[in-house]
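Following our numbering, the numbering of the sequence shown begins with -2 at its first residue and continues without gaps.
Glycine is no exception: its CB is placed at the ideal position from the N, C-alpha and C atoms.
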Amino acid sequence: MSITGYGAATITAGYGSTLSQWQVLNSTLDRQMGLVRNDQQNKADADYARKKLPTVASVDDLMGDRRLYTYVMRAFGLEDQVNSQALIRKVLQSDLSDSRSYASRLNDVRFKQLAAAFNFGGSTVKSSFVSQISDAYVTKAFEADVGQKNEALGMMLDFTRRVTGKADWDSVLADEKLAKVARMAFGLPDPYGPADVKAQAATLEKAMPFGKYKGNDVDQGRLREAFFTAWDTAKGNSGALSSANQYTMLMRSYDQQKTAFAARWQVRSDVSYVQQKLSAGAGADELLKDAKLRGIVLAAFDLGDRAADTKYLRQVLESNPSDSNSFAVKAGAKETALAVSFSLNNTGTMRRGSPPFVKDIVSRYERMSFEVSAGNTNEALRLGLYFERKAASVSNWYSVLADKALSQVVRTAFGLPEEVARADIDRQVGMLEKRLDIKKLKDLTEVKRLVEKFMMMWDLQGKGAVGTGTSPVLQLFSGRSTINADTLMAAVTLPRGRR
-2 MSITGYGAAT
8 ITAGYGSTLS
18 QWQVLNSTLD
28 RQMGLVRNDQ
38 QNKADADYAR
48 KKLPTVASVD
58 DLMGDRRLYT
68 YVMRAFGLED
78 QVNSQALIRK
88 VLQSDLSDSR
98 SYASRLNDVR
108 FKQLAAAFNF
118 GGSTVKSSFV
128 SQISDAYVTK
138 AFEADVGQKN
148 EALGMMLDFT
158 RRVTGKADWD
168 SVLADEKLAK
178 VARMAFGLPD
188 PYGPADVKAQ
198 AATLEKAMPF
208 GKYKGNDVDQ
218 GRLREAFFTA
228 WDTAKGNSGA
238 LSSANQYTML
248 MRSYDQQKTA
258 FAARWQVRSD
268 VSYVQQKLSA
278 GAGADELLKD
288 AKLRGIVLAA
298 FDLGDRAADT
308 KYLRQVLESN
318 PSDSNSFAVK
328 AGAKETALAV
338 SFSLNNTGTM
348 RRGSPPFVKD
358 IVSRYERMSF
368 EVSAGNTNEA
378 LRLGLYFERK
388 AASVSNWYSV
398 LADKALSQVV
408 RTAFGLPEEV
418 ARADIDRQVG
428 MLEKRLDIKK
438 LKDLTEVKRL
448 VEKFMMMWDL
458 QGKGAVGTGT
468 SPVLQLFSGR
478 STINADTLMA
488 AVTLPRGRR
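Listed below in structure tokens is the structure:
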């Protein structure tokens, strides 16, 4: 399906030289970006993406929806590859942690960014974001229901599910609920203080190395048996059916019992509610305002006891989970997981289909649409916007030369003829290194200065509309491609005296 709003907004950059158009564009950037964002078709496409992205669970889900697929491809600047579906499928299936994967071996960074964002190849998760949250809620609610009938079984279900996310016995003992199971299984008393907890962790590690326990069904069975034996002894359970036997029976029919539980009216109602809200793009603000949604989501993250503490939750949801000093990270793993999924301040790894993920995709699309619209006015404006966006991520001149747009900007800015592009790559890098230290591209001021030089040289080399309304200085120098860009910049920006 065609997305007609992409690049269709009218961008106004005035008249005159390309440099003056660039300056006008920058001085009105926010307002004109708003025009792109509020374009009727762009708004409709963004709403569609917000609705569909949370439900994407597989490569087929994404590529099978032509409208959504095209939107995503444009968001990553891959509009020219929309019809290369065999290639894109291989990219999306790539695991970037494997240097031999298809996307890892491609030079074009756009493909790596697409593969990294969706992470189909590097994740074992085969369900959508909406399904993950609703499934987690059903699991927690089912186990809580089991725990109300038999506390020991509920404790062991919780321990078995959550202990896999721990790194060692220290982290297990730092969790009150998990610690209770571990101490009872190994006959350890309540600790007197931090030093005692540390000593207990060492005792557990000696008795049953944690790394071995996590990967060994026999050790896991021994711990369960020890816990249930201790529990029955402590509770005086001398009946014919021990807690261990009840647990064995439960696990044999776990899936059937969970399915029956999920079919209950209240559970179905809760699942339907959270799916409806998350599919509509509910994020941090909605969680804080909607008590029912908040209760369901927090239960899914094992944070149900915090549902009423909106002040605490606001601090979590406003945290950047990529910052080790953020509130969420310091609060714990559960809070960090919640922030990864719902904080719009997340600048790092994003959970596919989550509100931060959706926001990132929509923002990418809007930026790309704006750049295309600017290019419809003057191609140099699109190149300049692209260079400003990408410059900070560049680490060497080889990556610049591998990008057609970036290399065009630097060659033009430094007055290098097009023929240079056919020279040996090492020689090209040498030319650029003599003209600018690549580290300076981390400096926004230096980047802006380089882009302005590019705008000047664009017109000087006859690529702009030199003529009606163009700067007299550029008209004077047009056709003289040997003039130094810095000299030309100084000439055009000289202060004018009063007449």
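Fill in: Residues near S404 by beta carbon distance below 8 angstroms, same chain, minus five either side
These residues qualify, in order along the chain: V397, L398 and A418.
Item to complete: Go ahead and pull the three-state DSSP assignment for Q90.
Response: It is coil, neither helix nor strand.
Fill in: 7 angstroms CB neighbourhood of D57 in its chain, flanking five on each side removed
Cβ within range, chain order: n/a, list empty.
Discussion item. On the criterion of 16 or more Cβ atoms from any shown chain inside 10 Å, does T344 qualify as buried, or is it exposed?
Written reply: T344 comes out exposed.
Practice prompt. State buried or exposed for D505, treating a residue as buried only when at least 16 other CB atoms are found within 10 Å of its CB.
Written response: Here the chain comprises residues numbered -2 to 496, so residue 505 is not present and cannot be evaluated.
Worksheet item: From which residue to which residue does the alpha helix (DSSP H) around S266 run?
Response: Boundaries of the alpha helix (DSSP H) harbouring S266: W262 to S276, taken from the DSSP string.
Worksheet item: Enumerated in chain order, which unbroken segments of the alpha helix (DSSP H) with a length of 4 residues or greater are wholly contained in the stretch 48 to 126?
Response: As far as the stretch 48 to 126 is concerned, its whole alpha helix (DSSP H) runs of at least 4 residues are 56 to 60, 63 to 72, 82 to 89 and 106 to 115.
Practice prompt. Verify whether the separation of the beta carbon atoms of R361 and A72 is less than 7 angstroms.
Written response: Result yes, Cβ atoms of R361 and A72 sit closer than 7 angstroms.
Fill in: Same chain, Cβ closer than 7 angstroms to K439, neighbours up to 5 away in sequence not counted
Cβ neighbours of K439 beyond the five flanking positions: A389.
Worksheet item: With burial defined as no fewer than 16 other Cβ atoms inside 10 Å of the residue's Cβ, what is the status of Y189: buried or exposed?
Response: Y189 is exposed by the Cβ-count criterion.
Worksheet item: What number of angstroms, rounded off, separates the C-alpha of A54 from the C-alpha of L75?
Response: Take the alpha-carbon of A54 and the one of L75: they are about 21 angstroms apart.
Worksheet item: Helix, strand or coil for A305 per DSSP?
Response: DSSP places A305 in coil when its eight states are reduced to three.
Worksheet item: Does the stretch 156 to 176 touch the stretch 200 to 210, meaning 3 or more C-beta pairs lie closer than 8 angstroms?
Response: Counting Cβ pairs under 8 angstroms, three or more are found: they touch.
Discussion item. My output table needs one value for P414: the three-state DSSP class, helix, strand or coil.
Written reply: DSSP places P414 in coil when its eight states are reduced to three.
Fill in: Own chain partners of R219 with C-beta closer than 8 angstroms, once the 5 adjacent residues on each side are dropped
The beta carbon of R219 sits closer than 8 angstroms to the beta carbons of M205 from its chain, once the five residues preceding and following it are set aside; these are given in chain order.
Fill in: Cβ shell of V271 (< 7 angstroms), same chain only, five flanking positions each side left out
I130, S131, Y134, L290, I293 and V294.
Worksheet item: Do you know how far the Cα of T256 is from the Cα of R265?
Response: Rounded to whole angstroms, the separation of the alpha carbons of T256 and R265 is 11 angstroms.
Worksheet item: First and last residue of the alpha helix (DSSP H) that includes T333?
Response: Counting along the chain, the alpha helix (DSSP H) containing T333 begins and ends at A330 to F339.
Worksheet item: Hey, is the stretch 446 to 454 in contact with the stretch 408 to 422, meaning 3+ C-beta pairs nearer than 8 angstroms?
Response: As far as the Cβ criterion goes, the stretch 446 to 454 touches the stretch 408 to 422, which means the pair count is three or higher.
Practice prompt. Examine chain C for any beta-carbon lying closer than 7 angstroms to the beta-carbon of R159, and answer yes or no.
Written response: Judged by its chain identifiers, the structure shown contains no chain C, having just a single protein chain.
Item to complete: Quick one: give me the first and last residue of the alpha helix (DSSP H) that G381 is part of.
Response: Per DSSP, G381 belongs to the alpha helix (DSSP H) from E376 to K387.
Fill in: Collapsed DSSP secondary structure at R419 in the structure displayed
Residue state, collapsed to three classes: helix.
Item to complete: Note down, in chain order, each residue of its chain lying with its Cβ closer than 6 angstroms to the Cβ of D92, except the 5 sequence neighbours on either side.
Response: Taking C-beta separations shorter than 6 angstroms and ignoring five residues to either side along the sequence, the partners of D92 in its chain run S98, G118 and G119, following chain order.
Worksheet item: Cα separation between E173 and N242?
Response: Approximately 26 angstroms, taken between the alpha carbons.
Discussion item. Given a cut-off of 7 angstroms on the beta-carbon distance, is the pair V169 and M152 in contact?
Written reply: No, the pair does not count as a contact, with Cβ atoms beyond the cut-off.
Discussion item. Give me, in chain order, the residues of the same chain whose beta-carbon lies closer than 7 angstroms to that of M181; leave out the 5 immediate sequence neighbours on both sides.
Written reply: The beta carbon of M181 lies closer than 7 angstroms to those of F224, A227 and W228 in the same chain, with the five residues before and after it left out.
Worksheet item: Can you tell me the Cα-Cα spacing of L471 and L457, whole angstroms?
Response: Any reading at L471 needs caution, since the residue's pLDDT is 43, under 50, leaving its predicted position unreliable; the model's value is listed next. Cα-Cα distance, rounded: 6 angstroms.
Worksheet item: Does the beta-carbon of K308 have 16 or more other beta-carbons within 10 angstroms, so that it is buried, or is it exposed?
Response: An exposed status is given to K308, since fewer than 16 other beta-carbon atoms sit within 10 Å of its beta-carbon.
Worksheet entry | Complete beta strand (DSSP E) runs within the stretch 144 to 173 (minimum length 3 residues, chain order) | None, since the stretch 144 to 173 contains no complete beta strand (DSSP E) of that length.
Item to complete: Over the uninterrupted alpha helix (DSSP H) stretch that includes N322, give me the two end residues.
Response: It is not in any alpha helix (DSSP H) - N322 carries neither H nor E in the DSSP assignment.
Item to complete: Taking only the alpha-carbon atoms, compute the straight-line gap between E430 and W394 and give it to the nearest angstrom.
Response: In a straight line, the C-alpha of E430 is about 8 angstroms away from that of W394.
Practice prompt. Answer yes or no: do T346 and A10 have a C-beta to C-beta separation smaller than 7 angstroms?
Written response: No, these two residues do not count as a Cβ contact at 7 angstroms.
Practice prompt. Would you tell me roughly how many angstroms separate the C-alpha atoms of P469 and K40, rounded to the nearest one?
Written response: In this prediction, P469 has a pLDDT of 44, which is less than 50 and means its spatial position is unreliable; nothing more can be read from the coordinates.
Practice prompt. Answer with buried or exposed for E140, where buried requires no fewer than 16 other C-beta atoms within 10 angstroms of its C-beta.
Written response: So E140 ends up on the buried side.
Discussion item. Could you give the first and the last residue of the continuous alpha helix (DSSP H) run that contains F224?
Written reply: First-last of the alpha helix (DSSP H) with F224: D214 to K232.
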